[in-house]
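Q:
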Amino acid sequence: MDLNILNNLKLTKVTDSKIDSFDFENVKFGAKFTDHMLTCEYKNGEWGALEIKPYEPITLDPSARVFHYGQAIFEGMKAYKDENSDIWLFRPDENFNRFNKSATRLAMPTIDETRFIGGLKELIKIENQWVKKGLGNSLYIRPFMIATESGVIASPSNEFLFCILLSPAKSYYSGKIKVQIADYFSRAANGGIGAAKAAGNYSAQFYPTKLAQEAGYNQIIWTDSNHTHLEESGTMNVFFRINDTLYTAPTSDRILDGVTRKSLIVLAQHLGYDVKIEPVKVENIIEAAKNGSLKEIFGAGTAAVINQMEGFAYKDDYYELPNVADDESYALQLKNELTKLQNKLIADPFNWTVKV
Ligand SMILES: Cc1ncc(COP(=O)(O)O)c(C=O)c1O
31 MDLNILNNLK LTKVTDSKID SFDFENVKFG AKFTDHMLTC EYKNGEWGAL
81 EIKPYEPITL DPSARVFHYG QAIFEGMKAY KDENSDIWLF RPDENFNRFN
131 KSATRLAMPT IDETRFIGGL KELIKIENQW VKKGLGNSLY IRPFMIATES
181 GVIASPSNEF LFCILLSPAK SYYSGKIKVQ IADYFSRAAN GGIGAAKAAG
231 NYSAQFYPTK LAQEAGYNQI IWTDSNHTHL EESGTMNVFF RINDTLYTAP
281 TSDRILDGVT RKSLIVLAQH LGYDVKIEPV KVENIIEAAK NGSLKEIFGA
331 GTAAVINQME GFAYKDDYYE LPNVADDESY ALQLKNELTK LQNKLIADPF
381 NWTVKV
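So the sequence shown is residues 31 to 386, counted in my numbering.
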């Protein structure tokens, strides 16, 4: 960490906090934000001073590159408060590294660890009261970077804004979901930007997902370019349990290298589960559903941690998954272990948790 950068942080505090009017019991994910945000501008080939200031609108020239060419990336991570009121980040180095990989892929400047992780810690310290104790409570963290230079010229911007927003979150049980396997639309391509957390990946998903929802499904399981392999579900990585083996696809240009996914792989192995990281064929999953060996499918991501599926559609057929008892569900065991580890309720043998 470069202490100079942190010592030069410019802090402007709100005069009135919104916290008293915030309903911590009824939290809608990602809808409301804390009092302050962190910003940092990139100009003339370098990042400037960090600033923490009241959460407020950003003013940009209407011709700013982000509006026209979508040069924009983001991250999603969480912080947790333990029983001693210490606040912990979960594997922030993974998000920091992934942010810079996304930046490189989108021809944006990388950012240093002091500004990203050091700046984030300073912001969280100021918003300490917004992080609530107790399993299920967390603080969702949204770092992002946008191209701010004006001019409708289809070339990379020379000016950028890095910003971090914080939003209190609560885990909620939304029930098992129904998914549809993509057999026409794709979210990513070989050599494309699927592995980057680029804003455009998400807008490209909205229309196919809307069609799937109109057909009665919650989200889409994305397939590879030939629609022969299962890759991600909605905005999550995806796991399949056939008999007692967990399968998940290896990461590639098309798949986001999810922090939850990589943590679950390690955790599952630690718990003694058999885990195979290999391409997952649609036809094998259909076959396993038909012969009864397919026990569970679940999505994995920071927001929901694990989302269980109740069944999936492929072309004109719908396949219902068996009802696995809660205490026999790999999805629930893993969710339980991971959330307890993140909340410091059990030991963290992997050193994944980092104190703010
Ligand atoms: C496309 C996509 N896949 C997978 C994930 C899961 O990644 P992580 O576990 O790092 O949240 C995300 C983000 O939540 C995502 O946007």
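Glycine included, every Cβ here is placed at the ideal spot set by N, Cα and C.
Where does E143 sit, in a helix, a strand or coil, going by DSSP?
A: The answer is helix: DSSP assigns E143 an H, G or I state.
Q: Helix, strand or coil for Q363 per DSSP?
A: Note: Q363 maps to helix in three-state DSSP.
Q: Tell me whether S168 is buried or exposed, calling it buried when 16 or more other Cβ atoms sit within 10 Å of its Cβ.
A: So S168 counts as buried.
Q: Starting from P122, trace the alpha helix (DSSP H) in both directions and tell me its first and last residue.
A: Segment 122-135, the alpha helix (DSSP H) holding P122.
Q: Going by DSSP in three states, D50 sits in which element: helix, strand or coil?
A: Reduced to three states, the DSSP call for D50 is helix.
Q: Within its chain, find whatever has a CB closer than 8 Å to the CB of K370; leave out the 5 residues flanking it on each side and keep chain order.
A: L165, I376.
Q: Can you find at least 3 beta carbon pairs, one from the region 237-248 and one from the region 113-124, that sit closer than 8 Å?
A: Result no; under three Cβ-Cβ pairs closer than 8 Å.
Q: What is the residue span of the alpha helix (DSSP H) that L301 lies within?
A: It is not in any alpha helix (DSSP H) - L301 carries neither H nor E in the DSSP assignment.
Q: Could you check if R145 belongs to the surroundings of ligand 1, using beta carbon to heavy atom distance under 7 Å?
A: No, the Cβ of R145 stays beyond 7 Å of every heavy atom of ligand 1.
Q: Can you give me the Cβ contacts of E244 inside the same chain, cut-off strictly under 8 Å, excluding the 5 residues immediately before and after it?
A: Hits under 8 Å: none found.
Q: Just how far apart, CA to CA, sit C70 and F192?
A: Each residue's alpha carbon lies about 5 Å from the other.
Q: Could you check if M175 belongs to the surroundings of ligand 1, using beta carbon to heavy atom distance under 7 Å?
A: No, the Cβ of M175 stays beyond 7 Å of every heavy atom of ligand 1.
Q: Please confirm if the region 177-186 is in contact with the region 93-104, defined as three or more CB-CB distances below 8 Å between the two stretches.
A: Yes, since at least three Cβ pairs between the region 177-186 and the region 93-104 fall closer than 8 Å, the two stretches touch.
Q: Between which two residues does the alpha helix (DSSP H) containing V312 stretch?
A: Note, V312: alpha helix (DSSP H), 312-321.
Q: Given 8 Å as the limit, is there contact between the region 199-207 and the region 75-84, that is, 3 or more CB pairs closer than that?
A: At 8 Å Cβ cutoff, the stretches do not touch.
Q: With C-beta atoms as the reference, is A330 less than 8 Å away from R291?
A: Cβ distance < 8 Å, so A330 and R291 count as in contact.
Q: Determine, using beta carbons only, whether M175 and A133 come nearer to each other than 8 Å.
A: Yes, Cβ-Cβ distance for M175 and A133 is below 8 Å.
Q: Tell me which residue opens and which closes the beta strand (DSSP E) that Y237 is part of.
A: First-last for Y237: 229-244, but that is the alpha helix (DSSP H), not the beta strand (DSSP E).
Q: What distance in whole Å lies between the Cβ atoms of L364 and Y298, which are believed to be in contact at a cut-off of 8 Å?
A: What sits at residue 298 in the sequence shown is Ala, not Tyr. That belief holds up - the Cβ atoms of A298 and L364 are roughly 6 Å apart, short of 8 Å.
Q: Could you check whether the Cβ of R172 sits closer than 7 Å to any heavy atom belonging to ligand 1?
A: Not under cutoff, so the answer is no.
Q: How long is the line joining the alpha carbons of K320 and S263, rounded to whole angstroms?
A: Rounded to whole angstroms, K320 to S263 spans 21 Å at the Cα level.
Q: Thinking L260 and L368 are a contact (beta carbons under 8 Å), I'd like their distance in whole angstroms, please.
A: Contact doesn't hold; Cβ gap of about 22 Å is too wide.
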